[in-house]
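Listed in order, the protein sequences are those of chains S and L.
The opening residue of the first sequence carries number 1 in the numbering used here; numbering runs sequentially from there.
The opening residue of the second sequence carries number 1001 in the numbering used here; numbering runs sequentially from there.
Think of the CB as a built atom: it goes at the ideal place given N, C-alpha and C, for glycine as much as any other residue.
Keep in mind that this is a model prediction, so the values were computed, not measured.
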Amino acid sequence: MKPHARIAAWQRLRQQPTWKLLAADNAPLIAALLQGLLLDAERQVPASLLHERLARELEELRAHGHAVPRHAQAYVAEWLASGWLERRFPEGASEEQYELSTQAIGALRFLGSLDSSRSVATESRLALVIQQLVQLARQTDGDPHSRLAELRAERERVDAQIAEVTEGRIEVLDDTRALERAREIIALADELAEDFRHVRDDFQQLDRDFRERIIEDERQRGELLEALFAGVDLIAESESGRSFDAFWRLLTDAEQSGQLEAAVDAVTGREFAGKLDRRERSFLLHLTHTLLDRGGHVHDVLQHFARNLKGFVQSRAYLEQRRLHQLLKQTEAEALKLRDRVRSNEGIDYTLVLSSARLHSLSRWRLNDPRTSQVDGAIVRAEGAAITLENVGELVGQSEIDFRTLKQNVHALLGDHAQCSIGAVLHHYPAEQGLGSVIGYVALGSRHGMRVPNRFEPVSWCGEDGSERRARIPLLYFLKEKRDELV
Amino acid sequence: MSWSEDMPSPDLASPASERASDAGLFPGDSGSLPFDARRVLCQLLAGPSLDAERHALLWPVLLREEATLRARLCELFLDLVLDRDLRVAFVRQADTGELEAPTLLRSSPLTFIDSVLLLSLRQRLAEAEAQGQRAVVEVDELHAQLGVYEPPQGTDRAGFTKKLNAAIEKMKKNNVLQPIRGSEGRHEVSPTLKLLFSAEDVQALGAVYREHLAGPRPGDEVVPEEDD
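This is how it looks when you write it as structure tokens:
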């Protein structure tokens, strides 16, 4: 390819969501949020939940000093417009759902690969390629002679291996290489699961295309209908449809999936598998489940499309839709001509008949009893809020209390008194740190004083705003004999 | 004659129709439908629709008792519309021809702006259907789209916006538009609009427009609020 053609191609790609995400000013932030919200755990999240989670993340980012000035909704809207998010309204759902677009997933994967320390040219990858090539060569070989020769060679190899094992010589892959291979397989399977997204997107696009062609293109419609009526499932026969179908059959084949399960069990039971990290192990353990789950989703979508599309054509709904389309256009044009002659809130002789009944029986009248709406207007002065020792522990942990001054106060007071409660201390030394002082005394009292079980005392102090505050705190006494602890 | 009340009444004295009421659901119940079927009937009458998603328990009852329910509704001059593909059912006034039957259902006289909004929503529903999707509209989008119906010499932009908002509210009240939870300003166009406002109805509306175009009407009266 000549450079200028390549430049044009890259320029085109740069307008695509994948590149746009990578090139965004705050790409690290966006990518991290998208990955955390929609890739790592759940992949489809209802709108309200996404907004809520994002709002929480943003809050946390702000606390860490990141500049994220806008609301969660605004970010979601922007990401949607940039093509990184997709919004769907699935049948039966009460909320719209968000998920990452295929392009966004591509960008996140690319970023992940930059970070990964795994070298790409691994032995296992090469072995995989060789194995695949050999298999391809075999499967495309139509010559019975060379085929036989190959099978015999294979048998010889197997025989040799059997002989070795019989003699007790077993060669086991060393841990490092086993680990490397396991990771390779995980990466491959992960990509595979991701590919389903592409397949589903393809189906959706195909479905849309078919429908549009059926409604709009008079010439092609004949062929399409013929094919459909002949029972040919166009989507399933498409390239994506066929390859997915083959994949799906393999996955749901009892023998094959049994093999897969057994292999996963065996591998995760091996010693080297202990060195895989938690995520990798769990991915392997749930491999069949993940593949079935994501594949099953695509499978359902495919079935749904095929059925609906057939129904759409067979019910001749498209004819009705064409007619409706024309009627709507025509009627709208007429309405446009009327806009100068009829005021917009003027009635026209047209009534929309609704589907709910009007039942206004006299029996629905209820006498109004004024007592039911009466509110008790009396105001009772509330007791002070109770502060337990557990609360105090938490509050002390979270705040900076000047314990030195507090200790000095108690120390000084115990010079003249045999014992004093926190209320008495506050009487002599007003709470300079507000609630902090009170909590500080309670903390000191529970450490150095004596608690009277199940007894409380009311205390009050003056807040910064000048108004009085009250609380009920556990009754604690500071004792003269323990005065020295407070130095 | 209170002395006889404690006495077991002989079977001969109570005809079969009364005996059914012995098993009635409440004192004085002379109906014969099972409880569930009556709930379906109430839902249909209360409207605007009964759909399989929202009324998962009632939907199978409706399918099972369809014939009986149809009969009961006919006694009220109502016709049951049941769309098994859309999985929705509702009632509409039966076509009684010459017979002047009372109307039990509510109706909503439309203003000009209501009618163009309705057209636009119907259009959106048709497009969404063609793509096999649910129809979602955004309030801002509706304002942009319907701006063309503002008289060109009109200077009261705010007034027009207000009227359009009122029309949108009216559609919400009539369940033609349903707010989507979690997506502010976005609404789903109820799939039942397809049945409430069919191609024939669009045609009829077109005819009304043409009448208005043909002769200037002197009366400029504003439509009263809807009759509920």
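Where the alpha helix (DSSP H) through residue i begins and ends
{"i": "Met1171 of chain L", "result": "1157 to 1173"}
{"i": "Ser282 of chain S", "result": "278 to 285"}
{"i": "Val1040 of chain L", "result": "1035 to 1046"}
{"i": "Ser1115 of chain L", "result": "1112 to 1130"}
{"i": "Tyr477 of chain S", "result": "Per DSSP, Tyr477 of chain S belongs to no alpha helix (DSSP H); it is in the beta strand (DSSP E), 468 to 479."}
Whole-angstrom distance between residue j and residue i, CA atom to CA atom
{"i": "Glu481 of chain S", "j": "Val68 of chain S", "result": "57 Å"}
{"i": "Gly112 of chain S", "j": "Ala31 of chain S", "result": "10 Å"}
{"i": "Ala1214 of chain L", "j": "Glu78 of chain S", "result": "48 Å"}
{"i": "His145 of chain S", "j": "Leu250 of chain S", "result": "30 Å"}
{"i": "Pro1027 of chain L", "j": "Lys310 of chain S", "result": "52 Å"}
{"i": "Gln1178 of chain L", "j": "Arg197 of chain S", "result": "30 Å"}
{"i": "Phe203 of chain S", "j": "Pro90 of chain S", "result": "16 Å"}
{"i": "Glu237 of chain S", "j": "Ala246 of chain S", "result": "11 Å"}
{"i": "Gln259 of chain S", "j": "Asp265 of chain S", "result": "10 Å"}
{"i": "Leu479 of chain S", "j": "Gly440 of chain S", "result": "17 Å"}
{"i": "Ala160 of chain S", "j": "Thr268 of chain S", "result": "28 Å"}
{"i": "Trp365 of chain S", "j": "Arg1106 of chain L", "result": "20 Å"}
{"i": "Ser243 of chain S", "j": "Gly92 of chain S", "result": "30 Å"}
{"i": "Val1136 of chain L", "j": "Leu1073 of chain L", "result": "33 Å"}
{"i": "Pro474 of chain S", "j": "Asp416 of chain S", "result": "23 Å"}
{"i": "Gly393 of chain S", "j": "Ala443 of chain S", "result": "7 Å"}
{"i": "Leu1080 of chain L", "j": "Gly1031 of chain L", "result": "20 Å"}
{"i": "Leu1025 of chain L", "j": "Leu1196 of chain L", "result": "35 Å"}
{"i": "Ala491 of chain S", "j": "Asp209 of chain S", "result": "Missing from the structure shown is residue 491 of chain S; chain S here goes from 1 to 487 and no further."}
{"i": "Leu148 of chain S", "j": "Leu133 of chain S", "result": "18 Å"}
{"i": "Gln205 of chain S", "j": "Ser1183 of chain L", "result": "25 Å"}
{"i": "Leu14 of chain S", "j": "Lys20 of chain S", "result": "In the sequence on display, residue 14 of chain S carries Arg and not Leu. Looking at the two C-alpha atoms, the distance is approximately 6 Å."}
{"i": "His360 of chain S", "j": "Leu367 of chain S", "result": "16 Å"}
{"i": "Ala8 of chain S", "j": "Lys2 of chain S", "result": "10 Å"}
{"i": "Leu319 of chain S", "j": "Gly295 of chain S", "result": "35 Å"}
{"i": "Ala1130 of chain L", "j": "Gln1145 of chain L", "result": "20 Å"}
{"i": "Asp1036 of chain L", "j": "Glu42 of chain S", "result": "38 Å"}
{"i": "Glu1141 of chain L", "j": "Gly36 of chain S", "result": "31 Å"}
{"i": "Ala1207 of chain L", "j": "Leu1110 of chain L", "result": "15 Å"}
{"i": "Tyr98 of chain S", "j": "Val1148 of chain L", "result": "32 Å"}
{"i": "Asp1022 of chain L", "j": "Asp1029 of chain L", "result": "The predicted position of Asp1022 of chain L is uncertain, since its pLDDT is 49 and thus under 50; a value taken from the coordinates is nonetheless stated next. The straight-line gap from Cα to Cα measures roughly 8 Å."}
{"i": "Val451 of chain S", "j": "Ala418 of chain S", "result": "Sequence inspection shows Arg at residue 451 of chain S; the Val mentioned does not correspond to that position. Going from the Cα of Arg451 of chain S to the Cα of Ala418 of chain S covers about 16 Å."}
{"i": "Leu1087 of chain L", "j": "Asp1051 of chain L", "result": "The residue you asked about is not Leu; residue 1087 of chain L is Arg in the sequence shown. Their Cα atoms are separated by approximately 6 Å."}
{"i": "Ile214 of chain S", "j": "Glu1127 of chain L", "result": "13 Å"}
{"i": "Arg1084 of chain L", "j": "Gly1132 of chain L", "result": "17 Å"}
{"i": "Glu184 of chain S", "j": "Glu164 of chain S", "result": "28 Å"}
{"i": "Ser363 of chain S", "j": "His289 of chain S", "result": "59 Å"}
Limits of the beta strand (DSSP E) - the one that residue i falls within
{"i": "Glu99 of chain S", "result": "97 to 100"}
{"i": "Asp369 of chain S", "result": "Where Asp369 of chain S is concerned, there is no enclosing beta strand (DSSP E), given that its DSSP letter is neither H nor E."}
{"i": "Trp461 of chain S", "result": "450 to 462"}
{"i": "Asp1083 of chain L", "result": "1078 to 1083"}
{"i": "Ile348 of chain S", "result": "347 to 357"}
{"i": "Pro1179 of chain L", "result": "1177 to 1179"}
{"i": "His64 of chain S", "result": "Here His64 of chain S belongs to no beta strand (DSSP E), and DSSP marks it neither H nor E."}
{"i": "Ser421 of chain S", "result": "419 to 421"}
Partner residues on chain S for residue i, Cβ-Cβ distance less than 7 Å
{"i": "Leu1062 of chain L", "result": "Those do not exist, as Leu1062 of chain L stays about 14 Å from chain S at its closest Cβ, beyond 7 Å."}
Beta-carbon neighbours of residue i, restricted to chain S and to distances below 9 Å
{"i": "Phe1197 of chain L", "result": "Leu352"}
Where residue i meets chain L, residues with beta-carbon distance less than 7 Å
{"i": "Ala47 of chain S", "result": "Gly1182, Ser1183"}
Listed by chain order, chain L residues near residue i by CB distance under 9 Å
{"i": "Glu42 of chain S", "result": "Per Cβ cutoff of 9 Å: no residues; Glu42 of chain S is ~15 Å from chain L at best."}
{"i": "Ala357 of chain S", "result": "Leu1044, Leu1045, Ala1046, Gly1047, Leu1076, Leu1078, Val1091, Leu1104, Leu1105, Arg1106"}
Proximity test, residue i beta-carbon vs the ligand GDP heavy atom, cut-off 8 Å
{"i": "Arg138 of chain S", "result": "Only the bare structure without any ligand can be found here, which leaves the ligand GDP out of the picture."}
Under 8 Å from the C-beta of residue i: neighbouring residues of chain L
{"i": "Phe89 of chain S", "result": "Gln1133, Arg1134, Val1136, Ile1180, Glu1188"}
Where residue i meets chain S, residues with beta-carbon distance less than 8 Å
{"i": "Phe1077 of chain L", "result": "The contacting residues do not exist; Phe1077 of chain L stays about 11 Å from chain S at best."}
{"i": "Lys1163 of chain L", "result": "Ser344, Asn345"}
{"i": "Gly1206 of chain L", "result": "Leu327, Gln330, Thr331, Glu334"}
Three CB pairs or more closer than 8 Å across the segment 1042 to 1057 of chain L and the segment 338 to 357 of chain S: yes
- request: Could you list the residues in the segment 1096 to 1126 of chain L with a C-beta less than 9 Å from some C-beta on chain S, going in chain order?
  value: Thr1103, Leu1104, Leu1105, Arg1106, Ser1107, Ser1108, Pro1109, Leu1110, Thr1111, Phe1112, Ile1113, Asp1114, Ser1115, Val1116, Leu1118, Leu1119, Ser1120, Arg1122, Gln1123, Ala1126
- prompt: Any residues in the segment 198 to 211 of chain S with a beta carbon nearer than 7 Å to a beta carbon of chain L? Which ones, in chain order?
  reply: Asp207, Arg208, Arg211
task: Could you please tell me which residues of the segment 333 to 350 of chain S, in chain order, have their CB closer than 8 Å to any CB of chain L?
output: Glu334, Ala335, Leu336, Lys337, Leu338, Arg339, Asp340, Arg341, Val342, Arg343, Ser344, Asn345, Glu346, Gly347, Ile348, Asp349, Tyr350
- request: Give the residues from the segment 64 to 80 of chain S that approach chain L closer than 9 Å (Cβ to any Cβ), ordered along the chain.
  value: Gln73
task: Decide if the segment 460 to 472 of chain S is in contact with the segment 407 to 421 of chain S; the criterion is three or more beta carbon pairs, one per stretch, under 8 Å apart.
output: no
message: Whether or not the segment 1110 to 1124 of chain L and the segment 320 to 332 of chain S are in contact is what I'm after, with contact meaning three or more pairs of Cβ atoms, one per stretch, closer than 8 Å; do they touch?
response: yes
- prompt: Using 8 Å as the threshold, is the segment 95 to 109 of chain S in touch with the segment 19 to 37 of chain S, meaning 3 or more CB pairs across them?
  reply: yes
message: Under 8 Å, with one C-beta from each stretch per pair, do the segment 1093 to 1105 of chain L and the segment 41 to 51 of chain S reach the 3-pair mark?
response: no
- prompt: Do the segment 429 to 447 of chain S and the segment 391 to 402 of chain S touch if we need at least three Cβ pairs shorter than 8 Å?
  reply: yes
query: Can you list, in chain order, the residues of the segment 1129 to 1140 of chain L whose Cβ is nearer than 8 Å to any Cβ on chain S?
result: Glu1129, Ala1130, Gln1131, Gly1132, Gln1133, Arg1134, Val1136
query: Do three or more CB pairs link the segment 447 to 460 of chain S to the segment 412 to 432 of chain S at distances below 8 Å?
result: yes
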